[in-house]
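Structure first, commentary second.
Number of protein chains: 2
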Amino acid sequence: DLNQHENYFNRETLDRLAVKRTDKVWLEAKQNNPDTVYLLFSNLSPMVNSSQEDDNARVETKLCRFRYEAVKELLEKPATVLIFLGVEKRKKPSSSSSKTEDGVQEPPAWFAISTNEDPAALLKLCREKNCSFPKLPNRDLLKFSEEEAGVVAQARSTLAWHDRYSFCPTCGSSTKLEEGGYKRSCLNSDCRSLKGVHSTCYPQVCPVVIMLVIHPDGNQCLLGRKKIFPAGMFSCLAGFIEPGEAIEEAVRREVEEESGVKVGPVQYVSCQPWPMPSNLMIGCMAVAISTDIKVDENEIEEARWFPRQQVIDSLCRGASPAFFVPPRQTIAHQLIKHWIGMNSNL
Amino acid sequence: DLNQHENYFNRETLDRLAVKRTDKVWLEAKQNNPDTVYLLFSNLSPMVNSSQEDDNARVETKLCRFRYEAVKELLEKPATVLIFLGVEKRKKPSSSSSKTEDGVQEPPAWFAISTNEDPAALLKLCREKNCSFPKLPNRDLLKFSEEEAGVVAQARSTLAWHDRYSFCPTCGSSTKLEEGGYKRSCLNSDCRSLKGVHSTCYPQVCPVVIMLVIHPDGNQCLLGRKKIFPAGMFSCLAGFIEPGEAIEEAVRREVEEESGVKVGPVQYVSCQPWPMPSNLMIGCMAVAISTDIKVDENEIEEARWFPRQQVIDSLCRGASPAFFVPPRQTIAHQLIKHWIGMNSNL
Ligand SMILES: Nc1ncnc2c1ncn2[C@@H]1O[C@H](COP(=O)(O)O)[C@@H](O)[C@H]1O
Ligand SMILES: Nc1ncnc2c1ncn2[C@@H]1O[C@H](COP(=O)(O)O)[C@@H](O)[C@H]1O
Ligand SMILES: [Mg+2]
Ligand SMILES: [Mg+2]
Ligand SMILES: [Mg+2]
Ligand SMILES: [Mg+2]
Ligand SMILES: [Mg+2]
Ligand SMILES: [Mg+2]
Ligand SMILES: [Zn+2]
Ligand SMILES: [Zn+2]
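Protein chains in written order, with this note's numbering: chain A, -8 to 337; chain B, -8 to 337.
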């Protein structure tokens, strides 16, 4: 289960081993290595295997893992995108792993493949039953173990970048993939982006603030709902950090924009990479210095102050809670739980 | 001067008033308003006025401010980029500001103009002497007042985005500027980026971790130097957050990559927007759980554990400090100062 301040999608199961991204010989040897693990993505969804075998009779989703032999042909297709995810962070090397020349055992490497081949044909590559490419990432990608969720976050957000950034933003030319999938370089040799180091060539992460705003009385918190939320669900306010803005200022601006409430002190709590498509959710607690609510109707349908007891009832899924919050895998849920744990007398 | 945890570039002098970005009528009225303030950028440098009149005989830099009449012709040029920065966050409206129909005084709006016209000709637009477009942003943009530094951070990082992202990364077509300069939309009506909301259309901010790593004995900190640093300067380690990565994990990965030192607990301290070109520096303290140093020679020339007393001498610019740290305007300086203040007996 999750440690305090650890969020779903946070766990790093692999050592990214960035130093090897520029080592073409090493990368190619790993690609052909029989111990190497490949994940398959179609339309930014990983192939998964769903079973009912979990202790709590919940559906648990597992990543389908492939060996080189199974994906060899896919790797040859020109539209395939391949990214190096890293090597397993294992303490004890298993006897099956390969040895380098000096006899030291190297842990298995992981790659992710993105392909536009027919999904039905791809599913036949897997020996297991009940495989699929999930359709609703915001729901279906929350069913992995903590370990696999971390790998999915890294792979999906990097592949989403390749999907949206195949052309050079500086000159409009095509680009080529480099450094194990962590760089795209412009193919126009006159392009400015080739002189010096430019952010346009590297995977983008969008920083977002997400905050639980506490009423000046300390006993209520501000939650809002977007029109697209399921009926009855309320969550923390959130928004993209803008250029030239600090985290704390973005919290104040977004809360005021979305709810009309003014915020004083802001405290960072924890963060969560959110791979839909590539956000970094920076979670904060914030203390309101005004209480009147006036929602920005473009973004928020309703915002309300919820008393602590109602929030507790909702988290504990009591008899008939007044509302519900997003699932435990979201940082919004964890921020709300953090507030309840922080200064309640339970 | 700076409050605790406030960094240079952090202060928000303007209310960004994002709700007005889509209100073309309001924006146009503000553009022509005689109270409106325009800043002029050439090659991502603002026009500034430098004087020796500061109390401490230091050179202070001020932004050159223009009125509509002075920039009217520039606004007509097709290559001009215009962004709406916001309105002044004033408590008491001055008697000179314009009134809306119901008689409420509105604070002046600010815009930034980026132009590729001849810089020498542009300088003639200003009535003051000693105006220039500074050449070295990392040095010259650190000389503003706190108030002006915040405006420069917002304007420069947004303009740097326009400079690098004039083509659609998804299809390579040209784009047009919208929403007061906070959006670029693809001109190819078939482009995927026009269906739904896509990060490619909004200004990019790159999140970076910057950390002061403390020795397990609590009395030394880890600082490194890049080859390009001035001789004798050491600073905090730093690196870009990767897709799928949490702040704390990025700190651990970058420290290990750059210095070979393993890190345990990580604590967020404060952050700083850094508009060269558009980074968000997320400042942390980190506790090492190993001490052997092995630098990544591609990135770091040298890394060393510095005893607390040497760091104090360096901050106080004592007789002959063993090394020096970056200037007070950098979050690296502030993190180092924070550590010294945190548990010293001074
Ligand atoms: N990187 C980004 N990705 C997606 N939308 C963005 C981004 N930056 C700004 N936006 C805008 O922010 C809106 C969502 O509002 P908020 O999340 O509250 O900032 C979107 O509808 C976009 O108009
Ligand atoms: N957004 C970005 N902008 C610039 N360089 C980046 C970016 N993301 C990754 N990099 C790479 O990171 C290197 C600097 O290393 P570091 O700052 O330690 O992560 C650069 O030389 C680039 O290769
Ligand atoms: Mg918003
Ligand atoms: Mg926003
Ligand atoms: Mg929002
Ligand atoms: Mg890096
Ligand atoms: Mg690095
Ligand atoms: Mg670095
Ligand atoms: Zn290019
Ligand atoms: Zn396009």
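Virtual Cβ for every residue (Gly too), placed ideally from N, Cα, C.
Check	Outcome
Cβ contact (3+ pairs, closer than 8 Å) linking the segment 129 to 140 of chain A and the segment 61 to 68 of chain A	no
7 Å CB neighbourhood of LYS15(A) in its chain, flanking five on each side removed	none
Cross-chain neighbours of ILE152(B) in chain A, by beta carbon under 8 Å	A small fix is needed here, since residue 152(B) is Trp in this sequence, not Ile. Within 8 Å Cβ-Cβ: PRO234.
DSSP beta-bridge partners of LYS174(A)	GLU169(A)
DSSP state of ILE104(A) mapped onto helix, strand, coil	strand
Extent of the continuous beta strand (DSSP E) to which THR149(B) belongs	THR149(B) -> not in any beta strand (DSSP E); alpha helix (DSSP H) instead, spanning 137 to 155.
Near ligand 4: GLU139(B) beta-carbon under 7 Å from a heavy atom	no
C-alpha gap between ALA72(A) and PRO110(A), whole angstroms	The displayed chain sequence assigns Val, not Ala, to residue 72(A). Going from the Cα of VAL72(A) to the Cα of PRO110(A) covers about 16 Å.
With 16 other Cβ atoms within 10 Å as the buried cut-off, status of VAL200(B)	buried
Local conformation of ALA294(A) per DSSP, three classes	strand
Residues near LEU(-7)(A) in its chain [Cβ-Cβ closer than 6 Å; skip 5 each side]	With a pLDDT of 48 at LEU(-7)(A), under the threshold of 50, the modelled position of this residue cannot be trusted; read the value that follows with caution. Contacts found: none.
LEU228(B) Cβ short of 7 Å to ligand 8 heavy atom set	yes
Where the beta strand (DSSP E) containing ARG130(A) begins and where it ends	Counting along the chain, ARG130(A) falls outside any beta strand (DSSP E), though it belongs to the alpha helix (DSSP H) covering 128 to 131.
Outcome for MET38(B) when other beta-carbon atoms lying within 10 angstroms are tallied against a minimum of 16	buried
Rounded distance between the beta-carbons of PRO99(B) and THR149(B), thought under 8 Å	So it is not a contact: roughly 19 Å between Cβ atoms.
Chain B contact residues for PHE75(A), given Cβ-Cβ distances below 8 Å	Going along chain B, no residue has its Cβ under 8 Å from PHE75(A), so there is no contact; the nearest lies around 12 Å.
8 Å Cβ cutoff, TYR59(B) in contact with chain A	no
Continuous beta strand (DSSP E) stretch holding GLU97(B): start and end	Premise fails: GLU97(B) is in no beta strand (DSSP E) and is neither H nor E.
Distance CB(LEU5(A))-CB(GLY77(A)) smaller than 8 Å	yes
Nearest-angstrom beta carbon gap, SER42(B) and ASN121(B) [assumed within contact, 8 Å]	7 Å
8 Å Cβ cutoff, HIS329(B) in contact with chain A	no
Cβ distance (whole Å) where GLN263(A) is taken to contact PHE0(A) below 8 Å	6 Å
Check: GLN231(B) C-beta below 7 Å from any heavy atom of ligand 2	What sits at residue 231(B) in the sequence shown is Phe, not Gln. Yes, the Cβ of PHE231(B) comes within 7 Å of a heavy atom of ligand 2.
Reduced DSSP secondary structure (H/G/I, E/B, other) of PRO84(B)	Note that PRO84(B) scores a pLDDT of 49, beneath 50, so its modelled location is shaky; the value from the coordinates is reported in the next line. PRO84(B) falls in the coil class under three-state DSSP.
Local Cβ density within 10 Å of LEU31(B), reported as buried at 16 or more and exposed below that	buried
Identified DSSP bridge partners for PRO37(B)	PHE32(B)
Interface residues of chain B facing GLN195(A) [CB-CB closer than 7 Å]	SER190, GLN195
CA nearest to the CA of GLU(-3)(B), picked from ILE331(B), GLY332(B), TRP330(B), THR321(B)	THR321(B)
Pairwise C-alpha distance: VAL62(A) and ARG175(A)	23 Å
GLN145(B): contacting residues in chain A (beta-carbon distance under 9 Å)	GLU233, PRO234, GLY235, GLU236
Neighbour list for PHE135(A) in chain B, Cβ cutoff strictly below 8 Å	Within 8 Å Cβ-Cβ: nothing; PHE135(A) doesn't reach chain B, min ~13 Å.
Any chain B beta carbon closer than 8 Å to ASN34(A)	no
Neighbouring residues, chain A, relative to PHE158(B) (Cβ below 8 Å)	PHE158, CYS159, PRO160, THR161, CYS162, GLY163
Residue burial classification, ILE280(B) (beta-carbon count within 10 angstroms, cutoff 16)	exposed
Segment contact flag, the segment 163 to 172 of chain A with the segment 283 to 293 of chain A, C-beta cutoff 8 Å, min 3 pairs	no
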